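Enquirer:
Numbering (the UniProt record's numbering), first residue to last: 1 to 109.
Next up, the structure:
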């Protein structure tokens, strides 16, 4: 459910891929059974392609990997977090394409 431009995260790879990233990171917390997650997936893939090199885009399946979602208080999906310098700088809950794009643009400056 991810394009070649999207990193698939695991609890074990989260720190290296997200917290230690030189570029801002958009993390999509999702699940296979989630309809709104499927609705926003093409938007996430599009952002990954359009901002390649300026933004890292990653997805984490909350059913397969539960430690990181619990750590960040993910209670509903899709929840998309924007990280910059290892810290959460914005949160988008739900399949809100406009809000997500605005959040990404703000993060990459």
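From the three backbone atoms N, C-alpha and C, an ideal C-beta is built for every residue, glycine too.
All values derive from a computational prediction rather than experimental measurement.
If you draw a straight line from the C-alpha of residue 57 to the C-alpha of residue 82, how long is it?
Expert: Taking the first residue of the chain shown as position 1, residue 57 is located at position 57. Taking the first residue of the chain shown as position 1, residue 82 is located at position 82. Cα to Cα, the separation comes out at about 9 angstroms.
Enquirer: Per DSSP, what are the beta-bridge partners of residue 87 in this structure?
Expert: Here the question's residue 87 lines up with position 87 in the chain shown. Answer is 84, bridged to residue 87.
Enquirer: Using CA coordinates, which residue listed in 38, 16, 11, 71 is at the minimum distance from residue 78?
Expert: Counting from one through the chain shown, the residue named residue 78 turns up at place 78. It is 38 whose Cα lies nearest to the Cα of residue 78.
Enquirer: Taking 6 angstroms as the limit between beta carbons, can you name the residues of its chain near residue 63, skipping five residues before and five after?
Expert: Walking along the chain shown from the start, residue 63 turns up at place 63. The answer, listed in chain order, is 31.
Enquirer: Could you give the first and the last residue of the continuous beta strand (DSSP E) run that contains residue 58?
Expert: Within the chain shown, numbered from 1, the residue matching residue 58 stands at position 58. First-last of the beta strand (DSSP E) with residue 58: 56-61.
Enquirer: Do residue 59 and residue 28 have their C-beta atoms closer together than 7 angstroms?
Expert: On the chain shown, residue 59 is found 59 positions in, with the first residue counted as 1. On the chain shown, residue 28 is found 28 positions in, with the first residue counted as 1. Yes, the Cβ-Cβ distance between residue 59 and residue 28 is below 7 angstroms.
Enquirer: Start and end of the alpha helix (DSSP H) containing residue 100?
Expert: Here the question's residue 100 lines up with position 100 in the chain shown. Segment 97-108, the alpha helix (DSSP H) holding residue 100.
Enquirer: Distance check for residue 84 and residue 54, CA to CA, integer angstroms please.
Expert: For the purposes of this step, residue 54 is identified with residue 54 of the chain shown, where counting begins at 1. For the purposes of this step, residue 84 is identified with residue 84 of the chain shown, where counting begins at 1. Residue 54 and residue 84: Cα-Cα distance of roughly 12 angstroms.
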